[in-house]
Amino acid sequence: MKIITAIIKPFKLDEVREALTEIGVHGMTATEVKGYGRQKGHAEIYRGAEYIVAFLPKVKIDIALPEALVDRAIEAIRLAAYTGHIGDGKIFVSPLERAMRIRTGETDSDAL
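Just so you know, we're using the numbering used here here: the sequence shown kicks off at 1142 and counts up by one.
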């Protein structure tokens, strides 16, 4: 089992969710986050004064998957989140040692 964490632009969330559903991924956690990378923020003008916005709004998606779906999920996220502009995001894959569905007590792959 693996856990995929993706940081994407907020307006791409629905497209990513639909792409993952099409390949058989039926659950995810999405969290509104702020951060920066090469994009380094931007300047905004508010009431005539310029402000530097160092942390940009993003959405963090966490998905627990069986290993068989990982490569397809990565590609689905990459294609759905792509705009071709700086700040499209990142995808991270980590091992998932154990999972449990609280309601039924199912464990590992059965809990996903």
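Cβ coordinates follow ideal geometry from the N, Cα and C atoms, glycine included.
Check	Outcome
Rounded C-alpha distance that separates V1211 from T1224	22 Å
F1233 (DSSP reduced to helix, strand or coil)	strand
C-beta atoms of L1206 and V1166 nearer than 8 Å	yes
Any 3 or more C-beta pairs closer than 8 Å across the region 1224 to 1239 and the region 1145 to 1155	yes
Buried versus exposed, by CB contacts within 10 Å (16 or more), K1164	Before going on, a small fix: residue 1164 reads as Ile here, not Lys. I1164 comes out exposed.
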